[in-house]
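Here the structure is laid out as structure tokens; the discussion comes afterwards.
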Amino acid sequence: MAKKVSYQNFTFEEYIPEQQILDVVKNMAMQIEKDLTGKKPLFIGVLNGSFRFLNDLFSHFTMDCEVEFIKLKSYESTESTGKITELIGLRDSLEDRVVVVVEDIIDKGLTIANVINDVLAMNPKEVKVATMFLKPDIYKGALMPDYVGMEVPPGFIVGYGLDIDGLGRNLNSVYKKIDSLSFGSQKRKEC
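In terms of this note's numbering, the sequence shown opens at residue 17 and continues consecutively.
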């Protein structure tokens, strides 16, 4: 029987076990390093959700690289507010830099589109996007991320940095909201 947790009167069931996540992250890190070795990329983590994913990615890199964080807010409980508030912005120049924006999850794509527009305004040499999770069924962005760990169906998930009102980020596995009909029998897809 699957492990279950509860937050904010919602019940979540284990959906993606920790080891599977770590294996996917390691494979992503190897691909990113293969593509970017010698370019001294700057990784920009979108807080708070990406901290765990970015930390695990970094643990596999041997190339020279740097990290910076920004903090945005676009969710209340399990729903997107439709607006993005910048809480912490970029400090360093991105001029002529190779930049990798790192997200925990991309669903509709509003947050990542906002971040990419801000980054492009700073004249980087190259911009790539890495996300641990992508919801392709609801993604409305014009460009697909360069690196995707796993595709997941619509529905709300917590764990491995993903939260519900700040809770659940510490879970090592990812859990899906079981009273969400949108998960149904759909399966996740490793990329």
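From the three backbone atoms N, C-alpha and C, an ideal C-beta is built for every residue, glycine too.
Because the structure is a prediction, the values reported are computed rather than measured.
In the three-state reduction of the DSSP assignment, Phe-77 falls in the coil class, being assigned neither a helical nor a strand state. Closest option to Ile-60, judged by alpha-carbon separation, among Gly-157, Gly-171, Ile-173 and Val-143: Val-143. For Ile-37, the uninterrupted alpha helix (DSSP H) segment begins and ends at 34–52.
Using a Cβ-Cβ distance cut-off of 8 angstroms, the region 113–130 and the region 146–159 are in contact, since at least three pairs of beta carbons, one from each stretch, lie closer than that value. Considering only Lys-42, Pro-57, Ala-18 and Lys-193, the residue with the shortest C-alpha distance to Met-166 is Lys-42. Just so you know, the alpha carbons of Lys-193 and Met-148 end up roughly 18 angstroms apart. Listed in chain order, the non-local C-beta contacts of Asp-80 below 7 angstroms within the same chain comprise Lys-56, local neighbours out to five positions each way being set aside.
Sixteen is the threshold: when 16 or more other Cβ atoms of the shown chains lie within 10 Å of the Cβ of Ala-45, as they do, the residue is buried. Per DSSP, Gly-182 has no beta-bridge partner at all.
With fewer than 16 other CB atoms across the displayed protein chains lying within 10 angstroms of its CB, Ser-22 is exposed.
Just so you know, the alpha carbons of Asn-188 and Gly-177 end up roughly 9 angstroms apart. Excluding residues up to 5 positions away in sequence, Tyr-176 and Gly-177 lie with their Cβ nearer than 6 angstroms to the Cβ of Arg-68 in the same chain. In the DSSP assignment, Leu-126 falls within the alpha helix (DSSP H) that extends over 126–136.
For Leu-58, DSSP records a beta bridge to Glu-82 and Val-115. Distance check between Pro-169 and each of Ile-37, Lys-124 and Leu-38 places Lys-124 closest, using alpha-carbon atoms only. By the criterion of a C-beta distance shorter than 8 angstroms, Asp-153 is surrounded in its chain by Pro-169 and Pro-170, once the five residues flanking it on both sides are discounted.
The DSSP-derived three-state label of Phe-28 is strand. Here Asp-120 carries a strand assignment [DSSP, helix/strand/coil]. The residues Asp-72, in chain order, have a CB closer than 8 angstroms to that of Leu-38 in the same chain once the five nearest residues on each side in sequence are set aside. Of all alpha-carbon atoms in Met-138, Glu-82, Ile-122 and Leu-52, the one lying nearest the alpha-carbon of Val-164 is that of Ile-122.
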